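What follows is one structure encoded as structure tokens, with my remarks underneath.
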Amino acid sequence: MKDETKQRIIALLTEGRDISTRADIESRYPKRQLASGAEVMRVPPSPTGFVHIGTIYAGLVNERIAHQSDGMFLLRIEDTDKKREVEGSVNGIKEAFAHFGLDYDGGPDKDDGYGPYYQSQRGDMYLAYALELLHTGWAYPCFATSDELAENAKKQQAAKVRPGYYGQWALWRDKSDEEVVAALDAGRSFVLRFRSRGSHDKRIQFDDVFKGHMEVPENDLDVPLIKSDEWRLPTYHLAHIVDDYLMGTTKVFRSDEWLPSTALHIEMSQALGLQPFNYGHFAPISILDKNGGGKRKLSKRKDPEADVSFWIKAGYPVSGVHAYLLGLANSNFEDWYRANSDKSVLDFRLSLDKLAASRAPLLDMTKLENYTKDVIARLPQGAFNKEILAWADLHDKPLFDAMMADPEYTNKVLAIERDGDNPRKDVAKWSDAPEQFTYFFDPLVEPAQKNDDEKAACSAFLENYDHAADKDTWFENMKAAAESAGYCLDRKELKANPDKYRGGIVDFAGIIRLALTGKTRTPDLWSIMQIMGEDRVRARLS
RNA sequence: GGCCCCAUCUUCUAACGGUUAGGAAAUCGGGUUUUCAUCCCGGCAAUAGGAGUUCGAUUCUCCUUGGGGUCACCA
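For the first sequence, counting from 1, position 244 maps to 695 in this note's numbering; every step adds exactly one.
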């Protein structure tokens with residue numbers, strides 16, 4: 452291609468804008484001054500909808516590796532596809548990162564000197580590198596229409612050859628200068644494509660942080676570098692190379708879907724005279740298909756738990772989520788967690804060699820709740836109250852109002868059986884609050900309908916009830932009530948003559964519990980009654 | 001279809017080539033708590049299949065099967 456033609460292409464790409472040279476740009480982004488061993492990690496979500504829990508997982512891993520090594524953690528918004536962009540997504544990303552405690556050192560609205568962290572604001576930089584590639588013969592314009600591309604693919608399918616834009620199938624790779632000029636004259640739109648020098652028959656090697664030594668075919672795809680749209684933004688491939696180079700990324704962690712394009716990214720690095728990145732590919736979190744189809748990637752459509760706003764609304768405590776995710780990343784976390792119950796989960800040191808996430812781990816909400824229950828049980832009372840109230844304020848106004856109406860009573864309610872070495876573990880997420888506490892608040896409780904047996908049991912209980920009694924005496928009283936109502940106090944006796952009794956003390960207590968709370972599983976009855984007060988107890992049982 | 005990744009209990013996983021294949025979650029059973037939980041103890045449960053290398057294979061090699069990814073002007 453003649454220089455003159457290249458100049459025309461450049462003029463069209465830049466639309467008269469003054470594009471800095473690569474040297475200029477690189478002088479503005481000097482190498483970061485960091486201690487040796489410090490890692491610069493990043494997570495690059497695209498603002499195309501809600502935030503995926505996998506992004507939080509990747510974010511946590513990258514953030515831990517960065518900050519454990521006194522390095523930097525960056526959040527880069529990959530918004531090069533303006534058509535797919537969804538309004539408000541960036542806010543969602545920022546909120547989700549804030550919610551899950553992923554503090555980035557560089558990111559949207561937080562420039563550490565290596566920004567901007569919106570790719571759409573870095574267009575000129577990508578162009579500078581793209582133009583260099585054009586000059587050095589590593590790029591060329593392609594005027595193919597989508598119809599032509601589709602026809603190409605059809606032919607390849609018919610010929611049973613490997614699909615893709617490469618070699619002889621690269622329509623515009625070897626066009627003459629005249630043909631390019633003609634297309635330019637006709638005003639046809641074009642993309643700038645990479646001119647690969649690789650061969651599918653040859654193999655290249657690289658070391659993956661997680662998967663170890665890899666050997667794959669060389670890239671030979673002439674992928675688009677710069678799109679034909681009005682913004683002239685780059686595709687992911689170019690943006691990744693340029694950004695991670697300028698931002699000083701030391702390790703590129705990404706999900707497995709990027710593995711096949713790693714050969715391309717290595718070739719592109721070489722085309723720009725750069726050292727290829729240190730890549731690490733991990734399997735994305737998946738979920739068990741409800742229709743029995745087996746494991747699959749967590750899908751935004753079918754699985755509400757893929758969306759972090761589900762997690763936030765449900766009110767899973769952040770450190771419990773951290774614990775679960777850390778356990779997914781490093782299986783030795785569980786042992787550490789048990790041995791260090793007094794420490795913050797973020798004191799755990801994540802190790803890369805154990806993060807051999809080879810298979811897609813299944814999201815296990817039950818195991819997650821096992822962690823969150825424990826985390827909540829360990830929470831200081833003040834923090835617990837604050838979280839419950841905050842959740843209720845947002846999601847259960849009646850409960851919130853009832854709680855606020857009598858703070859002293861509410862404090863007692865929320866503190867029930869949370870002290871001591873073995874606190875209750877009834878609450879796995881803040882949205883469990885209504886189920887656990889609503890029954891304490893009169894305005895929210897429907898009077899229980901009692902059958903004759905229940906009525907008899909309740910009145911027997913009340914006859915023997917002494918609100919001022921201590922727990923032991925209270926229990927003696929309950930036993931007396933049970934006996935008078937026809938319940939057996941002795942297990943063996945009950946087992947021997949089950950027909951002689953209405954049931955055991957367990958059954959009697961169960962009736963009282965149900966009448967008092969409407970539930971079969973609650974904290975200790977005496978404690979509940981002490982908190983509720985005599986009037987309320989008598990009202991509910993009569 | 002080509003290429004690539006992956007394969008241990010139901011789930012998450014551990015095991016320098018030598019272990020009764022370990023732990024955790026779930027589940028089941030027992031115990032403590034004269035109620036509910038907590039807590040403690042125990043049970044059930046796996047190396048996808050087939051060759052090969054080796055004294056010895058979950059571990060290394062190959063094949064088969066199965067799952068996933070990719071081959072877009074999406075990232």
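For every residue, glycine included, the Cβ atom is placed at its ideal position computed from N, Cα and C.
Predicted, not measured: the structure shown is a model, and the values here were computed from it.
Does residue i pass the burial test, meaning 16 or more other C-beta atoms within 10 Å, or should it be called exposed?
i, result
"Val957", "exposed"
"Arg527", "buried"
"His586", "exposed"
"Asp673", "buried"
"Ala547", "buried"
"His773", "buried"
"His664", "exposed"
"Met854", "buried"
"Phe493", "Before going on, a small fix: residue 493 reads as Arg here, not Phe. Burial call: buried."
"Gln832", "exposed"
"Gly984", "exposed"
"Ala884", "buried"
"Thr971", "exposed"
"Trp682", "exposed"
"Ala474", "exposed"
"Val703", "buried"
"Asn781", "buried"
"Gly564", "exposed"
Report whether the distance from the Cβ of residue i to the nearest heavy atom of the ligand MG is below 7 Å.
i, result
"Glu838", "As presented, the structure is devoid of all ligands, the ligand MG included, so that no description of it is given."
State the Cα-Cα distance for the pair residue i and residue j, rounded to the nearest angstrom.
i, j, result
"Ala765", "Gln619", "54 Å"
"Lys545", "Trp925", "54 Å"
"Asp815", "Arg705", "22 Å"
"Ile839", "Phe888", "10 Å"
"Ala633", "Val642", "16 Å"
"Asn821", "Pro567", "40 Å"
"Glu708", "Asn513", "18 Å"
"Ile982", "Ile867", "9 Å"
"Gln608", "Gly488", "49 Å"
"Asn836", "Trp842", "10 Å"
"His651", "Thr817", "46 Å"
"Pro668", "Asp658", "14 Å"
"Gly743", "Leu777", "Since pLDDT at Gly743 reaches only 45, below the 50 mark, its modelled position is unreliable, and no value is offered."
"Leu635", "Tyr591", "13 Å"
"Lys824", "Val769", "12 Å"
"Phe594", "Arg459", "14 Å"
"Ala637", "Glu630", "11 Å"
"Leu806", "Phe733", "9 Å"
"Ser994", "Asp694", "The first residue shown for the chain is 452 and the last is 993, placing residue 994 beyond what the model contains."
"Arg557", "Met523", "The sequence shown places Gly at residue 557, not Arg. Straight-line Cα distance between these residues: approximately 8 Å."
"Ile655", "Leu723", "18 Å"
"Tyr952", "Ser993", "23 Å"
"Asp554", "Leu511", "10 Å"
In this structure, how does DSSP classify residue i when only helix, strand and coil are distinguished?
i, result
"Ile736", "coil"
"Ile867", "coil"
"Ser471", "coil"
"Phe891", "helix"
"Val512", "helix"
"Asp658", "strand"
"Tyr617", "strand"
"Ser802", "coil"
"Arg672", "Per the sequence presented here, residue 672 reads as Leu, with Arg not at that position. Strand at Leu672."
"Ala590", "strand"
"Tyr822", "helix"
"Asp625", "coil"
"Phe641", "coil"
"Arg527", "coil"
"Arg964", "helix"
"Arg991", "helix"
"Glu706", "In the sequence as presented, Glu is not what sits at residue 706; that position holds Ser. Ser706: strand per DSSP, three-state reduction."
"Glu666", "strand"
"Leu584", "helix"
"Leu976", "helix"
To the nearest whole angstrom, what separates the beta carbons of residue i and residue j, a pair I think is in contact under 8 Å?
i, j, result
"Tyr767", "Lys876", "Contact flag wrong, Cβ pair sits at about 14 Å."
"Thr531", "Leu684", "4 Å"
"Leu801", "Gln519", "7 Å"
"Thr456", "Asp628", "6 Å"
*asked:* Would you call the region 576-583 in contact with the region 460-475, where contact means no fewer than 3 C-beta pairs closer than 8 Å?
replied: yes
*the region 785-796 / the region 843-853 touching (three or more Cβ pairs under 8 Å)*: no
*Report yes or no: do three or more beta-carbon pairs, one from the region 609-616 and one from the region 669-684, lie closer than 8 Å?*
yes
*Is the region 860-874 close to the region 900-920, with three or more CB pairs under 8 Å?*
no
*Just checking, does the region 534-544 make contact with the region 498-513 on the three C-beta pairs under 8 Å criterion?*
yes
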